[in-house]
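Engineer:
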Amino acid sequence: MKNILKNAENAEKLLELTSDTMILLDRNGICVDIAVHNADLWFLKENQLLGRNILQLLPSVTYRQVYPEFKKVLAYKEVSARNYELTIGSETYFFKCIMRPYEDMVLCQYRDITERSQRKRELEKKNHELNEIQKAALIGRWKYNSGRQCFYYTGHSGVMCTAEEQEIPLQDYTMYILPEDREIFGKWLAQNLQGNTENSIDYRILFKKRIFYIRLKTFSHETLPDGTGILEGYIQNITDIQQRRNDITLLTHAINNSTEDIFAAREDGTLVFANRRFREHHNISITDDVSTLNIYRINANAQQDENSWQRLIKSLRKGEKRNGFILYHPLPEHPEVLSMEGSAYWVTSDKGEAILWGFSRDITQRIRNEQQIKRFSQILDKTIENLPAGIVVKDIQSGFKYLYRNRESYNRNIPLKEALGKDDFDFYPPELAQEKRKQDVEIARTGIEKHWITEEHDQNGKSIFLDKRKVRIESNDFPPILLSIEWDITEMERMKRELLVAKEKAETSDQLKSAFLANMSHEIRTPLNAIVGFSRIIAESTDAEERQNYYDIVEANNERLLQLINEILDLSKIEAGIVEFTITPVRLHPLCKEIHDALKFRCPEGVELVYEASDEEITVEGDKNRIFQVISNLIGNAFKFTTRGSVGYGYRRKGNEIEFYVSDTGIGIQTDKLAKVFERFVKVNTFAQGTGLGLSICKTIIERLGGTISVCSEVGKGTTFTFTLPLAKDKRETAEEQNSVSETSFNTPGNAETGNNTYGLNEETHEHQATQTTGASRDTRQPTILIAEDTDSNYILAKAILGKSYHLERAKDGMEAVTMFEELHPDLILMDMKMPNLNGLDATKIIRELSPGIPIIALTAYAYEHDRQAALDAGCNDFLIKPYTQEILKELINKYLKQTGVSSPDRP
54 MKNILKNAEN AEKLLELTSD TMILLDRNGI CVDIAVHNAD LWFLKENQLL
104 GRNILQLLPS VTYRQVYPEF KKVLAYKEVS ARNYELTIGS ETYFFKCIMR
154 PYEDMVLCQY RDITERSQRK RELEKKNHEL NEIQKAALIG RWKYNSGRQC
204 FYYTGHSGVM CTAEEQEIPL QDYTMYILPE DREIFGKWLA QNLQGNTENS
254 IDYRILFKKR IFYIRLKTFS HETLPDGTGI LEGYIQNITD IQQRRNDITL
304 LTHAINNSTE DIFAAREDGT LVFANRRFRE HHNISITDDV STLNIYRINA
354 NAQQDENSWQ RLIKSLRKGE KRNGFILYHP LPEHPEVLSM EGSAYWVTSD
404 KGEAILWGFS RDITQRIRNE QQIKRFSQIL DKTIENLPAG IVVKDIQSGF
454 KYLYRNRESY NRNIPLKEAL GKDDFDFYPP ELAQEKRKQD VEIARTGIEK
504 HWITEEHDQN GKSIFLDKRK VRIESNDFPP ILLSIEWDIT EMERMKRELL
554 VAKEKAETSD QLKSAFLANM SHEIRTPLNA IVGFSRIIAE STDAEERQNY
604 YDIVEANNER LLQLINEILD LSKIEAGIVE FTITPVRLHP LCKEIHDALK
654 FRCPEGVELV YEASDEEITV EGDKNRIFQV ISNLIGNAFK FTTRGSVGYG
704 YRRKGNEIEF YVSDTGIGIQ TDKLAKVFER FVKVNTFAQG TGLGLSICKT
754 IIERLGGTIS VCSEVGKGTT FTFTLPLAKD KRETAEEQNS VSETSFNTPG
804 NAETGNNTYG LNEETHEHQA TQTTGASRDT RQPTILIAED TDSNYILAKA
854 ILGKSYHLER AKDGMEAVTM FEELHPDLIL MDMKMPNLNG LDATKIIREL
904 SPGIPIIALT AYAYEHDRQA ALDAGCNDFL IKPYTQEILK ELINKYLKQT
954 GVSSPDRP
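Quick note on the numbering used here: the sequence shown kicks off at 54 and runs consecutively.
Rendered as structure tokens:
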């Protein structure tokens, strides 16, 4: 019997019982031989496989796994043993294939492992499912060895446990357990080591600064021969479960302490739950079992309550919730409760039973507050309606819908009820509504208040001024809103603008008066200088002809000074209404002839005065002297600015008016100055002599006579002044003169402002005399004084005082003074401040850059302190005001010539 397995006769039988199917493949994978053992598969048949390429019969997935192993066995003569999956049709098989090199071929040992693989897969699936369950339930496994006093953890409890086994000594683990739970944990562990493993334990641990609730249960107990106890069991993290229990306990506590009445009842009205507030309102003791009570029988009026209950459960379908229903006087035993607001919904219990949960709260105070708010709202609405302000409140979150609106400048009459819930696009044109929306969005986004004043139009097209303000208002009590307030400030804005205009006029008037005073100082001192100076010279002169010339100069300056004073008095008397206008019929032709005869001798050289005669019979009603004065002033004004050509004047009839005109071919007036020529103290050319009052006087006279005056001009071509007077008047105006005033200044044609050359002296004669003096002075080496003076009389005066002792040179403007200084290098300069082309201040600054040491004395009719300071700042050594005396002038000249080392003939 010992040689049964070794007996060759039994080999085939034993091979059949124990061996795998053998398949011999050549190098190309063709089946050379096959021996099927322990396999009853339809595809594993000798007649199907012998002589065929088995590799090519395999499915592509299996082929890609088998073929590389087949080649490796051939190439390296190694053994390959791997498991493969074979899918044929809808069936899947698993087999183990061991490939060995056999001579120049490969011997394949096929072993069917389909059943074993399927079981393995099922086991893996079960293990995976169990693992996922453990993850979901936060369960792990633990083992305790009493001999080593160590815990071993694996699993997914989320506390200490991981997929890999963790070891922790009992002493260390006990430190994680909260102190108050350590004793009970130690007792439980001791009981389990004694074999009492029925009870589980719940305890808490502090791990990573967080408290966890842990549950342990032992399912295996073993005592080793050496007495060591081995415990195995599961561990579960029950933190979430415990916290939910705590939440339920907390929720129950909160419900019982709620200020609302909360109850739960079945459809038949049997109570299931009632909180403390509900029990108090319905006189149910805290110890009473509410399940014995019925919801509609706990009050005195049971029948009425039952009907209400039936209506409620019928109106509320399963899955629905009813909110906000109001119960008025719901508690007969508590009359102080005026009403309650409630909500109710169905909840299905664990038994599948429908339970109605009801919530109600006492809103008595709210009702009273609402009544008070309504009362105050009515008062506030009436107040706002009568305010001169439009107030609009918009809800930002609802797309800027109106919450309140009393009025706006546009669409003022929209009722509040019609506006609520709508927006700007419902009432405004699209462009305007879009503009307002853009503004609203910007303020709502940034929170920056916007405030502006604008001019708009009301529904009747009338212009109004509005003070607008928009601001975002936020509160913890309500969503953000946009408040818009617009005040009608039309009257206030108009008053403000009128005040601004009045202020500007006052400031302008003040500036003009300051300019007038400065100008008057110059205009008065200029003729006074000639009068004072020549008066002294006349007394000292023995030459009769020379004295006569000086007399003429004094007389001309006297006339100029008188004219200046008359103009100032004219304007003040006319504006004060104390000048009498004598209205009589005036024939215009004879009047114009008189004007021509009076003024033709004052006409500048190279200029012709032309009277353009019209209808000689035209008569107007007016004051002849005033008309004479106006025309004379306009012609005299034209003379000042016309150097060649003509000055023409005349009149013509236009409807019921007579139009007078004065035209010249002079330099013209710049367009930007035309509007100001009739204003007081305004001079278009600051270098022309005059007060700046002549045209203002003309305008005042014409307006008093019922007419108008205007001007048109073109620079370089000339100017035309035009005024009109009524042809006839039904009512004659006579203004009484309050004071007796001589009319001489109004009746004299000499009121017209004239040019500079009014002294009756021939300028060429003077220049000739200056030349002779110059020649003489050079021979005697007299000190040279450069006199910058544009007015002939002032220069002649200076020459009369200084000409016998000094060599004098004259410059007629600042530019000429600079040029002559560079050419002559004088010893001293007398500088006038007001000159054409370049004034004295600028000329002094230029000369100072060329020669810091030359003495310069300002000789001017400007007499204010700021004028003096300006001259000194420009570089003048001293400042002498016109009119001046000979002694002071000579003393100053001697002083500064001495400082420069020049010998003065007048030195004492």
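Every residue, glycine too, gets a C-beta built ideally from N, C-alpha and C. Quick caveat: nothing in here was measured; it's all calculated off a predicted structure.
Just to confirm, is the Cβ distance from His-209 to Ile-237 under 8 Å?
Structural biologist: no
Engineer: How about Arg-39 and Gly-659: are their beta carbons less than 8 Å apart?
Structural biologist: Since the first residue of the chain shown is 54 and the last is 961, residue 39 is not available in this structure.
Engineer: Taking the CB atoms as reference points, tell me whether Val-159 and Leu-78 lie closer together than 8 Å.
Structural biologist: yes
Engineer: CA-CA distance, Lys-262 and Tyr-229?
Structural biologist: 10 Å
Engineer: In three-state terms, what does DSSP make of Thr-250?
Structural biologist: It is coil, neither helix nor strand.
Engineer: Rounded to whole angstroms, what's the CA-CA distance from Ser-830 to Asp-845? Just pull it up for me.
Structural biologist: Note that Ser-830 scores 41 on pLDDT, short of 50, meaning its location in the model is unreliable; the coordinates nonetheless yield the value given after this. Roughly 22 Å separates the two Cα atoms.
Engineer: Rounded to whole angstroms, what is the Cα-Cα separation between Ala-870 and Pro-580?
Structural biologist: 23 Å
Engineer: Give every residue of the same chain whose Cβ lies closer than 6 Å to the Cβ of Thr-818, excluding the five residues on either side of it in the sequence, and list them in chain order.
Structural biologist: The predicted model places Thr-818 with a pLDDT of 33, which falls under 50 and marks its position as unreliable, so this point remains unresolved.
Engineer: Please list the segments of the alpha helix (DSSP H) lying wholly inside the segment 641 to 691, counting only runs of 4 or more residues, in order along the chain.
Structural biologist: 641 to 652
Engineer: Cα-Cα, which of Ser-957, Ile-166, Thr-401 and Pro-482 is closest to Leu-855?
Structural biologist: Ser-957
Engineer: On the DSSP bridge assignment, give the partners of Lys-196 in chain order.
Structural biologist: Tyr-205 and Glu-285
Engineer: From what residue to what residue does the alpha helix (DSSP H) around Glu-495 run?
Structural biologist: Its alpha helix (DSSP H) spans residues 483 to 499.
Engineer: Using a Cβ-Cβ distance under 8 Å, would Asp-321 count as near chain B?
Structural biologist: Within the model displayed, chain B is absent; a lone protein chain is all it includes.
Engineer: Is it a yes or a no for the segment 280 to 295 touching the segment 370 to 389, going by three-plus beta-carbon pairs under 8 Å?
Structural biologist: no
Engineer: Just how far apart, CA to CA, sit Glu-862 and Arg-655?
Structural biologist: 30 Å
Engineer: Please tell me whether Arg-490 and Phe-453 are closer than 8 Å, where the distance is taken between their beta carbons.
Structural biologist: yes
Engineer: Do you know how far the Cα of Ile-496 is from the Cα of Ala-472?
Structural biologist: 22 Å
Engineer: My guess is that Val-673 and Ile-754 are in contact by the Cβ rule of under 8 Å, so how many angstroms apart are they, rounded?
Structural biologist: Contact between Val-673 and Ile-754 does not hold, since the beta-carbon distance rounds to 14 Å and is not under 8 Å.
Engineer: What residue from Leu-687, Gln-289 and Asp-341 has the CA that sits closest to Ile-186's CA?
Structural biologist: Gln-289
Engineer: Nearest-angstrom Cα distance between Met-884 and Ala-691?
Structural biologist: CA-to-CA, the gap between Met-884 and Ala-691 works out to about 30 Å.
Engineer: Using DSSP with H/G/I as helix, E/B as strand and the rest coil, what is Ala-728?
Structural biologist: coil
Engineer: Among Gly-708, Phe-681 and Ile-688, which residue has its Cα nearest to the Cα of Pro-657?
Structural biologist: Ranking Gly-708, Phe-681 and Ile-688 by Cα distance to Pro-657 puts Ile-688 first.
Engineer: Enumerate in chain order the residues of its own chain whose CB-to-CB distance from Thr-115 is below 8 Å, with the five nearest sequence positions on each side excluded.
Structural biologist: Tyr-137, Glu-138, Leu-139 and Thr-140
Engineer: Please report how far the alpha carbon of Asp-520 lies from the alpha carbon of Asp-563, in whole angstroms.
Structural biologist: 33 Å
Engineer: Residue range of the beta strand (DSSP E) that Arg-914 falls in?
Structural biologist: This sequence places Ala at residue 914; Arg is not what is there. Per DSSP, Ala-914 lies in no beta strand (DSSP E) segment and is marked neither H nor E.
Engineer: Here's a check: name, in chain order, each residue in its chain whose Cβ is nearer than 6 Å to the Cβ of Gln-431, leaving out the five neighbours to either side.
Structural biologist: none
Engineer: Quick one, which of Trp-410, Gly-443, Pro-533 and Ser-392 has its alpha-carbon nearest Ile-420's?
Structural biologist: Looking at the Cα atoms, Ser-392 is the closest of the given residues.
Engineer: Give the straight-line distance between the Cα atoms of Lys-898 and Gly-928, rounded to the nearest whole angstrom.
Structural biologist: 6 Å
Engineer: Distance check for Val-730 and Thr-637, CA to CA, integer angstroms please.
Structural biologist: 30 Å
Engineer: Report the start-end ranges of each alpha helix (DSSP H) in the segment 269 to 334 that is 4 residues or longer and not cut off at the edges.
Structural biologist: 292 to 309 and 329 to 334
Engineer: Output the distance between the C-alpha atoms of Met-868 and Asp-931, rounded to the nearest integer angstrom.
Structural biologist: 21 Å
Engineer: Rounded to whole angstroms, what's the CA-CA distance from Ile-337 to Asp-321? Just pull it up for me.
Structural biologist: 19 Å
Engineer: Determine the burial state of Arg-364: buried for a count of at least 16 other Cβ atoms within 10 Å of its Cβ, exposed for fewer.
Structural biologist: exposed
Engineer: I'd like the list of long-range same chain contacts for Leu-925, defined as Cβ closer than 6 Å, with 5 residues on each side in sequence excluded.
Structural biologist: none
Engineer: Using the Cα positions of Glu-527 and Ser-451, report the straight-line distance between them to the nearest angstrom.
Structural biologist: 15 Å
Engineer: Find out if the Cβ-Cβ distance for the pair Glu-313, Arg-297 is shorter than 8 Å.
Structural biologist: no
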